[in-house]
Every structure is written in structure tokens, then in C-alpha cells.
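The next block holds one structure in the form of C-alpha cells; read it before the comments.
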Amino acid sequence: MRLLAFASLLVVLLVFAAAVATVVFHLRKYGVPGDKTQIILRIFITGSVVFFLATLIVFLNVPWDNLHIPTIAL
Amino acid sequence: MIVLHDTEKVVATHRKTWFVFLFTGITSFLMMLAPFVLYAIMRAALDPLITALSFHLLLLFAVIWWWGIWTSTFIAFSNYYLDVLVVTDERVLHIDQHGPFSRTVSELRLSRIQDVSIEQHGLLPTLIHFGDIHIQTAGEAPNFRFTSVPYPTNVKEVIMQAHRAALARRHTPGEHEPDV
Chain A
11 MRLLAFASLL VVLLVFAAAV ATVVFHLRKY GVPGDKTQII LRIFITGSVV FFLATLIVFL
71 NVPWDNLHIP TIAL
Chain B
337 MIVLHDTEKV VATHRKTWFV FLFTGITSFL MMLAPFVLYA IMRAALDPLI TALSFHLLLL
397 FAVIWWWGIW TSTFIAFSNY YLDVLVVTDE RVLHIDQHGP FSRTVSELRL SRIQDVSIEQ
457 HGLLPTLIHF GDIHIQTAGE APNFRFTSVP YPTNVKEVIM QAHRAALARR HTPGEHEPDV
């Protein structure tokens, strides 16, 4: 279960890495010199790093071996 | 990337009004709240013990969801922020970002401008002061249209002043327009 979850997480992280790279690439290459592009980039990258670390920390705290599938209480 | 000629100077840079991005921003904010709503529903419907054991799993999904909203919001913001109208002392540049890896860059020499008109229709554009700018050109060059510009009257004046200055330089003895 843990292995499957880790593989899934890797796929998710790869997709997000591609999306983050896309945004950074566009803002760095096509931003108008002298405007607020650098500030926007810093905010975006900081947020992405925070979310990345949060994902890893939460993932490591999930009890993969003791996971219960929720059922509707009758 | 905007590449200026050797002696070219940027006169003004204009982007679309913030109002254009407002709907996307509000939608993103509401979608960020979705995990809280779902968790409240699940707590009411499921056994609390089971919910507690799966809390970290739910939190993981929530964090991934929030990250997805964060990234997609910034992709949408990039599309908004990279739509630019740049007025230099030689030309008008219109950069239209359609989406990731999709953009149109149009360029118009100031001396080829024949007419600049603005359009403001509706209550919100009038109250928030935004509208569309149409630049009509000489010859067969396509006309420019830049939508949702804040204070279009001021932008029109900037373009017309740059146009007049370009024409004055063109008719000054010894001066000529740089070759493209």
C-alpha cells in the first residue's frame, strides 16, 4: 500500500513540477523588464515550495499500513 | 521577451484591468474552501473513529488539492499578466498570451497609426473605468484591438502623443525612422 501510494505521489509531484516550471518559464521569459514579475515569481515559488514540503510531511504521517476505508454509518 | 531597438525607449506599459482576473481569483478562493466543506460533511456522516484514522489521508488530498488550485491560479494569472500593450517611441507592441506556450505578438509602427478609438459599454466598465482600444492603421496592416484596458482615455492620449512625436521626428530634417 505504501509503495503504491509513493508511486502515485511521485506522479503527482512530476505533474506539479512541470506546471511550476511552465509558470516560471513564462514569467521569466515574457515578463516586461522593470515590472512586478520578479515579486510575483518569488510569491509563486515560495508557495509552491511550501505546498511541496507540506505534501511530503503529510504523506509521511499517513498510517498507510493501518488505513481504514471509511464507510457510511447506518 | 520584448526586444527593443538600439535607441528605442518604452513610453508606457499597459495591462488589462484587475477586474478581468477577479472572477478567476474568487473561483480559486472558493475552491480552496472545498476540503473544509467536504470534511465537515464527512464528519457528520461517518464514524468519528474512522474519520480520525483517515484524517492524514484526507489532509494529504486537501494539500494536493490546494497546491493544484495555487498552481492553476498562477497559470491563469500568467495569462492575464502577460497580456501587455507596450508603447515605445517607435511602435506599439501588443502581446496577447492565450495560454501556456501560446501567444501572439503584434507590432505597429507609430507612423502608420491613422486613428485611435475607445469603447466603454456597460455599468461596470464605466464605474471601474476600463474599456477597449482600437487602433486603425494605414494600408493592409491589421488593426489593433486591446480589450479591458484601465482608463482607456489616458492610454489613447499616450498613444496619440507618441504618434505625434514620431511624425515630428520623421519630418525633422536629418532625422529618419530606424529601419525595422
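Chains A and B, in that order, give the protein sequences.
The first sequence runs 11 to 84 under this note's numbering.
The second sequence runs 337 to 516 under this note's numbering.
Ideal Cβ positions, reconstructed from N, Cα and C, are used throughout, including at glycine.
Which residues in chain B have a C-beta closer than 9 Å to the C-beta of residue i? List them in chain order.
i, result
"V59 of chain A", "Result: empty, since nearest Cβ-Cβ is about 11 Å, beyond 9 Å."
"I50 of chain A", "F410, F413, S414 and Y417"
"F26 of chain A", "I400, W403, G404 and T407"
"A17 of chain A", "In chain order: nothing, as chain B lies at least about 14 Å away."
Could you name the residues of chain A that residue i contacts, counting a contact when the two beta carbons are closer than 7 Å?
i, result
"S442 of chain B", "Residues of chain A passing the Cβ test: none, with the nearest at roughly 14 Å."
"F410 of chain B", "V33 and F54"
"T349 of chain B", "V42 and D45"
"V420 of chain B", "V42"
"I338 of chain B", "V42"
"P461 of chain B", "By Cβ distance, chain A contributes nothing, its closest Cβ being about 24 Å from P461 of chain B, past 7 Å."
DSSP three-state call for residue i: helix, strand or coil?
i, result
"P486 of chain B", "strand"
"G41 of chain A", "coil"
"L63 of chain A", "helix"
"T343 of chain B", "coil"
"G57 of chain A", "helix"
"L23 of chain A", "helix"
"M11 of chain A", "coil"
"H499 of chain B", "helix"
"G361 of chain B", "helix"
"K46 of chain A", "coil"
"H36 of chain A", "helix"
"F355 of chain B", "helix"
"V516 of chain B", "Residue placement at V516 of chain B is poorly supported in this model, since its pLDDT is 44, which falls under 50; the coordinates are not used for a value here."
"I523 of chain B", "Residue 523 of chain B is absent from the model: chain B starts at 337 and stops at 516."
"L369 of chain B", "coil"
"L457 of chain B", "Before going further, note that residue 457 of chain B is His rather than Leu in the sequence given. DSSP places H457 of chain B in coil when its eight states are reduced to three."
Residue i touches chain A at which residues, Cβ-Cβ below 8 Å?
i, result
"S414 of chain B", "V33, H36 and L37"
"I529 of chain B", "With chain B covering only 337 through 516, there is no way to say anything about residue 529 of chain B."
"H341 of chain B", "Per Cβ cutoff of 8 Å: no residues; H341 of chain B is ~15 Å from chain A at best."
Pull up the DSSP beta-bridge partners for residue i, would you.
i, result
"H350 of chain B", "B:L421"
"V452 of chain B", "B:I471"
"F480 of chain B", "B:I471"
"F69 of chain A", "BP columns for F69 of chain A are empty, so no partner."
"F466 of chain B", "B:P486"
Go through its chain and collect everything with a Cβ distance to residue i's Cβ below 7 Å, but skip five positions before and after it.
i, result
"A376 of chain B", "none"
"L444 of chain B", "R427, V428, I471, T473, A477 and F480"
"L446 of chain B", "E426, R427, V428, A498, H499 and A502"
"G435 of chain B", "N415"
"E344 of chain B", "T424, D425 and E426"
"M496 of chain B", "V452"
Excluding sequence positions up to five away, which residues of its chain have a Cβ less than 6 Å from the Cβ of residue i?
i, result
"L8 of chain A", "Within the shown structure, residues of chain A are numbered from 11 to 84, placing residue 8 of chain A beyond reach of any answer."
"F357 of chain B", "Y416"
"A398 of chain B", "P371"
"S418 of chain B", "Sequence check: residue 418 of chain B is Leu here, not Ser. Excluding residues within five positions, the ones whose Cβ falls inside 6 Å are Q433."
"S364 of chain B", "I405 and T409"
"L421 of chain B", "H350, H430 and F482"
"L395 of chain B", "none"
Output, in chain order, the set of chain B residues within a Cβ distance shorter than 8 Å of residue i.
i, result
"V22 of chain A", "I400"
"F96 of chain A", "Outside the shown range of chain A (11 to 84) lies residue 96 of chain A, about which nothing can therefore be said."
Within the same chain, show all residues whose beta-carbon is closer than 8 Å to that of residue i, passing over the 5 residues directly before and after it, in chain order.
i, result
"L19 of chain A", "T65 and F69"
"G475 of chain B", "R448"
Can residue i be considered in contact with the ligand NAP, in the sense that its beta carbon sits closer than 8 Å to one or more heavy atoms?
i, result
"L358 of chain B", "Among the ligands in the structure shown, none appear at all, so the ligand NAP cannot be discussed."
### Message
For a minimum of 3 consecutive residues, which ranges assigned as the beta strand (DSSP E) are wholly contained in the stretch 389 to 445 of chain B?
### Response
420 to 424, 427 to 435 and 438 to 445
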